[in-house]
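Be aware that the sequence shown starts at 1, since it is given in full-length UniProt numbering, and climbs by one per residue.
Backbone N, C-alpha and C define an ideal beta-carbon position, used for all residues, glycine too.
Please read these numbers as outputs of a predicted model, since none were measured by experiment.
To start, the structure under review is shown below, and the notes come after it.
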Amino acid sequence: MAATARRRSGAWRRCARWRCRSPSAYAASAPDGSPHDRLAALPTASATPTTMHRWPTPADGGKAARIMSDSTTSQSVTTGLHAPGTVVITGAGSGIGLAAALHFAAKGWRIGLIGRGEPALREAELQVLAAGGTAHVAMADVSDAAALEAAATSIEAALGPFDVWVNNAGIGFYGKFTDVPEDAFRRVIDVNLHGTANGTRIALSRMRPRNRGTIVQVLSAISYRGIPLQSAYSASKYGLRGFTEAVRSELVNERSAITVCMVHPPAVNTPFYSHAGSVMDKAPRPPPPVYQPEMLGEAIYLAALSRRREWRVTGSSVGFSVANKLVPGALDIVSGLVGVAVQKTTRDKVVSARDPNTFSPSSVPTGTHGPFDGESLRRSLQWSLTKGPAMLPLGVGMLAVGAMGALLRRR
Numbered sequence: 001m002a003a004t005a006r007r008r009s010g011a012w013r014r015c016a017r018w019r020c021r022s023p024s025a026y027a028a029s030a031p032d033g034s035p036h037d038r039l040a041a042l043p044t045a046s047a048t049p050t051t052m053h054r055w056p057t058p059a060d061g062g063k064a065a066r067i068m069s070d071s072t073t074s075q076s077v078t079t080g081l082h083a084p085g086t087v088v089i090t091g092a093g094s095g096i097g098l099a100a101a102l103h104f105a106a107k108g109w110r111i112g113l114i115g116r117g118e119p120a121l122r123e124a125e126l127q128v129l130a131a132g133g134t135a136h137v138a139m140a141d142v143s144d145a146a147a148l149e150a151a152a153t154s155i156e157a158a159l160g161p162f163d164v165w166v167n168n169a170g171i172g173f174y175g176k177f178t179d180v181p182e183d184a185f186r187r188v189i190d191v192n193l194h195g196t197a198n199g200t201r202i203a204l205s206r207m208r209p210r211n212r213g214t215i216v217q218v219l220s221a222i223s224y225r226g227i228p229l230q231s232a233y234s235a236s237k238y239g240l241r242g243f244t245e246a247v248r249s250e251l252v253n254e255r256s257a258i259t260v261c262m263v264h265p266p267a268v269n270t271p272f273y274s275h276a277g278s279v280m281d282k283a284p285r286p287p288p289p290v291y292q293p294e295m296l297g298e299a300i301y302l303a304a305l306s307r308r309r310e311w312r313v314t315g316s317s318v319g320f321s322v323a324n325k326l327v328p329g330a331l332d333i334v335s336g337l338v339g340v341a342v343q344k345t346t347r348d349k350v351v352s353a354r355d356p357n358t359f360s361p362s363s364v365p366t367g368t369h370g371p372f373d374g375e376s377l378r379r380s381l382q383w384s385l386t387k388g389p390a391m392l393p394l395g396v397g398m399l400a401v402g403a404m405g406a407l408l409r410r411r
């Protein structure tokens with residue numbers, strides 16, 4: 001009995017040491033040709049394109065790229081990573097998608113930018129080039145599978161086979177469920193859920209023959225807990241989580257080396273709230289706390305280079321999922337009492353920035369940030385811990401709390 005316990009204890013310590021390694025150490029110690037080393041053979045790319053000098057400075061003077069470069073990156077995660085490859089990002093014209101593109105660009109990657117609005121994509125292209133990447137623009141609405149397939153083909157013809165596909169495109173529509181028009185509700189589901197399914201299908205069709213690659217799904221803290229005024233968005237993100245888990249399990253069954261992971265953003269200061277449709281009497285706004293999008297750009301980049309199945313960014317994303325497991329009834333009450341008021345505003349700056357794009361793309365570039373810079377945070381203690389191996393003890397502790405809560409509820 002004692003010998004068995006010692007063997008199990010030793011196995012646990014070896015497992016813990018392996019799981020605590022950073023992604024760079026994890027890949028470096030994997031056997032040659034193993035799935036964990038799949039990115040080692042990525043084609044190299046020049047960190048600075050030779051055509052950089054031919055491009056004008058972006059309209060914002062490179063502000064977004066400078067802010068992106070200031071974003072703190074865990075040394076344990078990024079040291080010794082593999083050669084830059086090719087990444088495709090949907091919804092790349094603004095917000096989180098553009099922030100991710102700039103983070104990849106700073107590492108010298110080749111980036112396929114997919115979106116609906118050409119002005120925004122062309123501005124994003126300039127910013128990517130200024131940040132040190134190589135870019136190719138392809139126009140497509142992700143809910144149109146044929147257009148998205150054509151965009152992927154165009155990107156591969158220009159940049160070569162892609163190693164990472166990021167499903168980021170998404171829209172929102174605000175209002176109480178019974179007030180939201182049926183076509184608006186269906187449109188949110190088509191873009192967020194069906195659009196991601198289209199992107200995943202296209203990515204897998206190209207990754208399967210090579211038996212390598214990573215698909216990053218940008219979900220939301222709302223994928224664990226729906227909130228009022230966002231019934232369509234909540235439904236789409238819940239559905240995306242189930243869809244991703246199903247696809248991941250199918251790949252495991254195939255013994256595939258392809259990775260599918262999820263990134264869960266908190267409330268982020270992006271043009272999403274300006275672009276969201278609404279039938280409310282006031283302008284939509286993110287519920288606090290609000291964070292800057294550069295943190296999410298970093299999260300997507302790290303997700304692309306690791307085999308971690310989920311990345312919850314900031315404590316609010318973690319707290320949302322944990323609280324919904326432990327006290328879902330209490331969250332119903334809190335969300336009902338305060339969840340409506342905190343998502344509305346009459347501030348002039350927010351109202352003047354309104355540019356709904358539910359059914360048609362925006363006509364002007366909007367960049368990475370929304371109108372909430374004054375209240376948005378650039379750092380998160382939880383995120384700093386998540387990026388490195390120090391998160392393991394905290395994660396174990398949270399699992400223990402969750403188990404205790406489940407036992408107490410049964411009693």
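{"query": "Check the DSSP bridge columns for F243 and list the partner residues they point to.", "result": "BP columns for F243 are empty, so no partner."}
{"query": "With a threshold of 9 Å between beta carbons, is I227 in contact with chain D?", "result": "Annotation note: the requested chain D is absent from the structure, which comprises a single protein chain."}
{"query": "Considering only residues of the segment 226-290, which uninterrupted alpha helix (DSSP H) runs meet the minimum length of 4 residues and lie entirely inside it, listed in chain order?", "result": "231-253 and 272-275"}
{"query": "Taking buried to mean at least 16 other C-beta atoms within 10 Å of its own C-beta, is N192 buried or exposed?", "result": "buried"}
{"query": "Identify the continuous beta strand (DSSP E) that holds G113 and give its terminal residues.", "result": "One detail in the question is off: residue 113 reads as Leu in this sequence, not Gly. Run containing L113: R110 to G115, per the beta strand (DSSP E) assignment."}
{"query": "Helix or strand or just coil, what does DSSP make of T200?", "result": "helix"}
{"query": "Should S352 be labelled buried (16 or more other beta-carbon atoms within 10 Å of its own) or exposed?", "result": "exposed"}
{"query": "Applying the criterion that 16 or more other CB atoms from any shown protein chain within 10 Å of the CB defines a buried residue, is V128 buried or exposed?", "result": "buried"}
{"query": "Indicate the three-state DSSP secondary structure (helix, strand or coil) for T214 in the structure shown.", "result": "strand"}
{"query": "Since I believe A130 is in contact with A140 (beta carbons under 8 Å), could you give me their beta-carbon distance rounded to a whole number of angstroms?", "result": "Not really, about 24 Å apart at Cβ, beyond 8 Å."}
{"query": "Can you tell me where the alpha helix (DSSP H) with A150 in it begins and where it stops?", "result": "A145 to L159"}
{"query": "Considering only the beta carbon of each residue, do A99 and L113 sit closer than 9 Å?", "result": "no"}
{"query": "Starting from E375, trace the alpha helix (DSSP H) both ways and give me its first and last residue.", "result": "Where E375 is concerned, there is no enclosing alpha helix (DSSP H), given that its DSSP letter is neither H nor E."}
{"query": "Please report the straight-line C-alpha distance between S256 and T346, rounded to a whole angstrom.", "result": "50 Å"}
{"query": "Identify, in the order they occur along the chain, each residue of the same chain with its Cβ nearer than 7 Å to the Cβ of A303, setting aside the five sequence neighbours on each side.", "result": "V216, C261, V263 and W311"}
{"query": "Near T314, what residues of its chain come up, given a Cβ to Cβ distance below 7 Å and the 5 sequence neighbours on each side ignored?", "result": "P266, Y291, S380, Q382 and W383"}
{"query": "How many angstroms separate the CA atom of G210 from the CA atom of V88?", "result": "The residue asked about is misnamed: residue 210 is Arg in this sequence, not Gly. Rounded to whole angstroms, R210 to V88 spans 17 Å at the Cα level."}
{"query": "For P289 and I222, I'd like the C-alpha separation in whole angstroms.", "result": "14 Å"}
{"query": "Using beta-carbon positions only, say whether V137 and R122 come within less than 9 Å of one another.", "result": "yes"}
{"query": "Any heavy atom of the ligand MN inside 8 Å of the beta-carbon of L296?", "result": "Looking at this structure, you won't find the ligand MN or any other ligand, since it has none at all."}
{"query": "Can you list, in chain order, the residues of its chain with a C-beta nearer than 7 Å to that of G147? Leave out the 5 residues immediately preceding and following it.", "result": "The residue asked about is misnamed: residue 147 is Ala in this sequence, not Gly. Once the five neighbours on either side are set aside, the close Cβ partners of A147 are A140 and D141."}
{"query": "Going by the beta-carbon positions, is the gap between R225 and S321 smaller than 9 Å?", "result": "yes"}
{"query": "Along the chain, where does the alpha helix (DSSP H) containing A169 start, and where does it finish?", "result": "That residue, A169, is in no alpha helix (DSSP H); it is neither H nor E in DSSP."}
{"query": "Using a Cβ-Cβ cutoff of less than 7 Å, which residues in the same chain neighbour E125 once the five nearest sequence positions on both sides are dropped?", "result": "L113, A135 and V137"}
{"query": "Count the other CB atoms, across all protein chains shown, that sit within 10 Å of the CB of D332; report buried if there are 16 or more and exposed otherwise.", "result": "exposed"}
{"query": "Please classify G277 as buried or exposed, where buried requires at least 16 other C-beta atoms within 10 Å of its C-beta.", "result": "buried"}
{"query": "Considering only residues of the same chain and omitting the five flanking positions on each side of T259, which have a CB-CB separation below 6 Å?", "result": "T214 and R307"}
{"query": "Distance check for M207 and residue 454, CA to CA, integer angstroms please.", "result": "The structure shown does not extend to residue 454, since the chain is modelled only from 1 through 411, so no value can be given for it."}
{"query": "Would you call the CB atoms of T86 and G170 closer than 9 Å?", "result": "no"}
{"query": "I'd like to check one pair, N253 with S376: are the Cβ atoms closer than 9 Å?", "result": "no"}
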